[in-house]
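Final position of the sequence shown in full-length UniProt numbering is 435; the numbers increase by one with none missing.
Below: one structure, written as structure tokens.
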Amino acid sequence: MAYKYDTIFLSSDVFSLSVHPTKPLYAAGLLGGRLEVYTWDDGSKAGGKPKEVIVDHDEKYAMQWGTRRYRQSCRAVAFSADGEYIFSAGVNSLLKLADANTGQVVSKAYVPSLKDLTAEYPSVIAPLSSAHLLVGTDSRRIHLYDVRENSLTRPAQTWKKVHDDYISSITPLPSAGGGLARQFVSTGASTLAYIDFRKPGKAVISSEDQDDEQLCSAYVSGLSARAGRGGEKILVGNSSGFAALWNRDEWEDHQDRINFSKSSGESVDAIAALPDTFRYRNSEFGKFVAAGSADGRIRIAKLGSNRIVETLRHSLATQEVGATPASTGLLTNDEGVGGGVTELGIDCEGNLVSAGGCTIKVWYWDENAPDARHPGKKGKRSPNETDTDTDLQDDGSSDNEQQSHKKKRRKKRKGGTGKAKSAGPQKIASFHGLD
Numbered sequence: 001m002a003y004k005y006d007t008i009f010l011s012s013d014v015f016s017l018s019v020h021p022t023k024p025l026y027a028a029g030l031l032g033g034r035l036e037v038y039t040w041d042d043g044s045k046a047g048g049k050p051k052e053v054i055v056d057h058d059e060k061y062a063m064q065w066g067t068r069r070y071r072q073s074c075r076a077v078a079f080s081a082d083g084e085y086i087f088s089a090g091v092n093s094l095l096k097l098a099d100a101n102t103g104q105v106v107s108k109a110y111v112p113s114l115k116d117l118t119a120e121y122p123s124v125i126a127p128l129s130s131a132h133l134l135v136g137t138d139s140r141r142i143h144l145y146d147v148r149e150n151s152l153t154r155p156a157q158t159w160k161k162v163h164d165d166y167i168s169s170i171t172p173l174p175s176a177g178g179g180l181a182r183q184f185v186s187t188g189a190s191t192l193a194y195i196d197f198r199k200p201g202k203a204v205i206s207s208e209d210q211d212d213e214q215l216c217s218a219y220v221s222g223l224s225a226r227a228g229r230g231g232e233k234i235l236v237g238n239s240s241g242f243a244a245l246w247n248r249d250e251w252e253d254h255q256d257r258i259n260f261s262k263s264s265g266e267s268v269d270a271i272a273a274l275p276d277t278f279r280y281r282n283s284e285f286g287k288f289v290a291a292g293s294a295d296g297r298i299r300i301a302k303l304g305s306n307r308i309v310e311t312l313r314h315s316l317a318t319q320e321v322g323a324t325p326a327s328t329g330l331l332t333n334d335e336g337v338g339g340g341v342t343e344l345g346i347d348c349e350g351n352l353v354s355a356g357g358c359t360i361k362v363w364y365w366d367e368n369a370p371d372a373r374h375p376g377k378k379g380k381r382s383p384n385e386t387d388t389d390t391d392l393q394d395d396g397s398s399d400n401e402q403q404s405h406k407k408k409r410r411k412k413r414k415g416g417t418g419k420a421k422s423a424g425p426q427k428i429a430s431f432h433g434l435d
């Protein structure tokens, strides 16, 4: 019994990954400006039941559609909450809304420029709910868009200077009653911020300085009392190789942390909460999280004991390429070699999806497999694929923009106490649906 994977090979390095909530669709925003959406069809992993997508004959996967959406990098991509649409953002500050099945653009809008007319570079996009979209930028701003009419206009609300550096992640917090989410957390520089846009006087609450760059975040619920106070937590990966655990509504400081990759000296660049259907070779029960790092490994930890129970290999680290990789199951001519794990997601079947370099890997449990070595095959382009999009002339950024997210090493955080800092009153836009 072991984890196996199938591989999707991309046309250039992946910048952003999004997984469809109900269909086997995998969207990748690429460094070269392309947006590619792939489908999967393997009945053996779903009890022989076919997927509701069309793929090319006997291939493991095929490109549903692909286009050069931006002249340079496609920096962020996200499926809408209902999966009908897909959002994307490029270095030209242009945000696009497209049909998820065909890629046809139905609406677009520019992220507002700064006062000196400097362009805003989007760094992350996250659907807050079926009605609202959040866009974080390099200039420390977070914009809220109303997308109920399936169109993009000017932001309904903007929070300025949320962090001391670019917005590295945004994680919505589910509403207690199951309605529209109105709260979320963001990370940037060395702090975590909590925002509830229903409270004008306390719109932004910032944590204590964590002494490490905060890089990614994920929400997990359903924890038992043994796993800490409260059943809801936020996990935040940092530049020292740890993931900090924050209790919901306790934003002053983290309460615990997990050592994922301190020994290798690599930061935690991606993190994801695994579903309840996650299987582990020792058949343990509980809540598990996965963290991806630049050494190409995905480490899985059990919450509560906070120990690593499984390590998966997305790729070889750059310094390992010259070594003999026989024991790893990876070949030196594998296009995934040398690329760390930059994105993680969970697909509609509960499979872990990892992305880094020029590859996406979909991991699944195989009770008959002796190991996790199962390289996939290169896919075919769909007839729906196009070579370009209609707004390339809008792009005018530097070729070196991909280096703007270069991570800084900081001293290890040992925890602490203190009160959260408020960013002060924020003017809240009033429009239907945000009450």
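Just so it is clear, CB atoms sit at the ideal spot from N, CA and C, and this is done for glycine as well.
Keep in mind that this is a model prediction, so the values were computed, not measured.
Residue i, DSSP secondary structure in three states
{"i": "Arg297", "result": "strand"}
{"i": "Thr359", "result": "strand"}
{"i": "Ser107", "result": "strand"}
{"i": "Arg154", "result": "coil"}
{"i": "Asp366", "result": "strand"}
{"i": "residue 437", "result": "For residue 437 there is no data in the structure shown, the boundaries of the chain being 1 and 435."}
{"i": "residue 443", "result": "The question about residue 443 has no answer, for the chain in this structure spans 1 to 435."}
{"i": "Leu352", "result": "strand"}
{"i": "Gly237", "result": "strand"}
{"i": "Phe87", "result": "strand"}
{"i": "Tyr3", "result": "strand"}
{"i": "Thr22", "result": "coil"}
{"i": "Asp212", "result": "coil"}
{"i": "Arg75", "result": "strand"}
{"i": "Gln183", "result": "strand"}
{"i": "His254", "result": "coil"}
{"i": "Arg307", "result": "strand"}
{"i": "Ala189", "result": "coil"}
{"i": "Arg68", "result": "strand"}
{"i": "Val341", "result": "coil"}
{"i": "Gly29", "result": "strand"}
Reference residue i; option with closest CA among the options
{"i": "Arg198", "options": "Leu312, Ala181 and Leu134", "result": "Ala181"}
{"i": "His132", "options": "Ser190, Ala119, Ser151 and Gly265", "result": "Ser151"}
{"i": "His178", "options": "Leu128, Arg34 and Leu25", "result": "Here residue 178 turns out to be Gly, not His, going by the sequence shown. The shortest C-alpha separation from Gly178 is found at Leu128."}
{"i": "Asp146", "options": "Ser139, Leu134, Trp159 and Arg140", "result": "Leu134"}
{"i": "Tyr70", "options": "Leu95, Cys216 and Ser264", "result": "Leu95"}
{"i": "Thr153", "options": "Asp116, Lys161 and Ala109", "result": "Ala109"}
{"i": "Pro275", "options": "Glu266, Phe288, Ser264 and Ser263", "result": "Phe288"}
{"i": "Ser73", "options": "Val105, Glu36, Pro112 and Ile86", "result": "Glu36"}
{"i": "Arg257", "options": "Lys233, Ala193 and Gly265", "result": "Lys233"}
{"i": "Gly209", "options": "Ala218, Ser217 and Thr191", "result": "Here the sequence assigns Asp to residue 209, which means Gly is not the residue at that position. When only C-alpha atoms are compared, the closest one is Thr191."}
{"i": "Ser113", "options": "Leu10, Ala78, Asn368 and Lys160", "result": "Lys160"}
{"i": "Thr277", "options": "Tyr364, Ala218, Ala126 and Val204", "result": "Tyr364"}
{"i": "Glu349", "options": "Pro24, Gly136, Ala2 and Ile8", "result": "Pro24"}
{"i": "Asn306", "options": "Leu235, Ser264 and Arg279", "result": "Leu235"}
{"i": "His254", "options": "Ala270, Arg279 and Ser217", "result": "Ser217"}
{"i": "Ala193", "options": "Leu223, Val162, Tyr219 and Tyr166", "result": "Val162"}
Own chain, CB closer than 7 Å to residue i, minus 5 neighbours either side, in chain order
{"i": "Lys286", "result": "According to the sequence displayed, residue 286 carries Gly and not Lys. Once the five neighbours on either side are set aside, the close Cβ partners of Gly286 are Lys302, Leu303 and Gly304."}
{"i": "Asp99", "result": "Tyr85 and Val106"}
{"i": "Val19", "result": "Tyr26, Gly345, Ile346, Asp347 and Val353"}
{"i": "Phe15", "result": "Gly29, Leu30, Leu31, Ser73, Cys74 and Arg75"}
{"i": "Ser139", "result": "Leu114 and Glu120"}
{"i": "Val185", "result": "Thr171, Leu173, Leu192, Ala193, Tyr194, Ser217 and Ile234"}
Burial state of residue i, where buried means 16 or more other Cβ atoms lie within 10 Å
{"i": "Asp212", "result": "buried"}
{"i": "Thr311", "result": "exposed"}
{"i": "Ser221", "result": "exposed"}
{"i": "Thr187", "result": "buried"}
{"i": "Leu344", "result": "buried"}
{"i": "Asn101", "result": "buried"}
{"i": "Gln64", "result": "buried"}
{"i": "Glu120", "result": "buried"}
{"i": "Gly29", "result": "buried"}
{"i": "Ala272", "result": "buried"}
{"i": "Leu245", "result": "buried"}
{"i": "Asp249", "result": "exposed"}
{"i": "Ser175", "result": "exposed"}
{"i": "Thr67", "result": "buried"}
{"i": "Gln157", "result": "buried"}
{"i": "Thr137", "result": "buried"}
{"i": "Asp116", "result": "exposed"}
{"i": "Glu266", "result": "buried"}
Residues near residue i by beta carbon distance below 6 Å, same chain, minus five either side
{"i": "Gln183", "result": "Leu173 and Asp196"}
{"i": "Ser130", "result": "Ala81 and Asp82"}
{"i": "Gly32", "result": "Ser12"}
{"i": "residue 443", "result": "Here the chain comprises residues numbered 1 to 435, so residue 443 is not present and cannot be evaluated."}
{"i": "Asp366", "result": "Lys4"}
{"i": "Ser264", "result": "Asp295"}
{"i": "Ala89", "result": "Arg75, Ala76, Leu95, Pro122 and Ile125"}
Sequence-distant residues of the same chain with beta carbon closer than 8 Å to residue i, five excluded per side
{"i": "Phe260", "result": "Gly237, Gly241, Phe242, Ala243, Val268, Ala291, Ser293, Arg299, Ala301 and Ile308"}
**Prompt:** Mind pulling the beta strand (DSSP E) runs of 3 or more residues that sit fully within the stretch 114-138?
**Reply:** Complete beta strand (DSSP E) runs here, min 3: 122-127 and 132-137.
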